[in-house]
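In full-length UniProt numbering, the protein residues as written are 1 to 225.
Heads up, the beta-carbon is just placed ideally off N, CA and C, and yes, glycines get one too.
Note that the coordinates shown come from a computational prediction; the quantities given were computed from them, not determined experimentally.
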Ligand SMILES: [Zn+2]
C-alpha cells in the first residue's frame, strides 16, 4: 500500500470509530443537545478526526466527521468542526502520547468544576483510573489557546486523564479515543458518588501508598492480557 492509501484507510477507520464513540456519550448521559465531543489523532500524521459542530448525536455518520490539521484547520469534510477543535488540537500538539480527547459538561463533574473544587480520591475506582484527585484547570474563554493551555498545564503535572475546567466542564485524554471516552464515563461516575457521599458526611481519604498501589495494579495488571 502506498503511504497515501494507507493514511486514507486510517482516516476511514477513525471516522467510523469516532462516530460510534459518540453513542457512548449519550448512553452514559454525559451530554445534552450537541454539547460534547470526541476526537482522535491520526497516528503518524499531524491530523485529527472530530465531531462536526452543531450536528445532533443521532445524525452523526462516519462521513460527516471532520478531519483537521493540528492548528484546527479543516483538511477534509463538508461541515465546520466542533468549536472545541482548537483546544483539542493544542492538546495533540503539546502531548504526543495523547491519541484521543473527549469533552463533556456531564452534570456531577461539572458541578465540581463550577465550585472549582477537585474531586478527592476517596474511592478505589478513583485511585484506579485517576491515580489521585481529579484536578481543576483554570477558567478559560473559548476562542484562543487558553482552554488548550489550561488542559495541558493541569494534566502534565497529574496522573489523572481528566481535568475539570473551572466553571465549564470535563476534558479527558487517552492513548486512544476509546480510553478518553472511558475516562469521561469514570470521571462522571466518581464525581457523582463522591458528591452523594459528601451529603452524608466527610468521605474518608485513601492513604497515598494505597492510592499508588491501586493505580499501578489497575494500569499495569488489571483486565484481559
Ligand atoms: Zn464545553
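query	result
Run of the alpha helix (DSSP H) containing residue 15, from where it starts to where it stops	3-27
Beta strand (DSSP E) segment containing residue 163, residue limits	162-165
Closer than 8 Å: residue 231 CB and nearest ligand 1 heavy atom	Here the chain covers residues 1 to 225 and nothing more, so residue 231 does not appear.
heavy atom of ligand 1 below 8 Å from residue 35 C-beta	yes
Start and end residues, beta strand (DSSP E) containing residue 207	Note, residue 207: premise wrong, no beta strand (DSSP E); not H, not E.
Every unbroken alpha helix (DSSP H) within the segment 89-168, with a cutoff of 4 residues, ordered by chain	107-115, 124-130 and 146-156
Reduced DSSP secondary structure (H/G/I, E/B, other) of residue 200	helix
Residue 39 versus residue 191 - alpha carbon distance	23 Å
Local Cβ density within 10 Å of residue 22, reported as buried at 16 or more and exposed below that	buried
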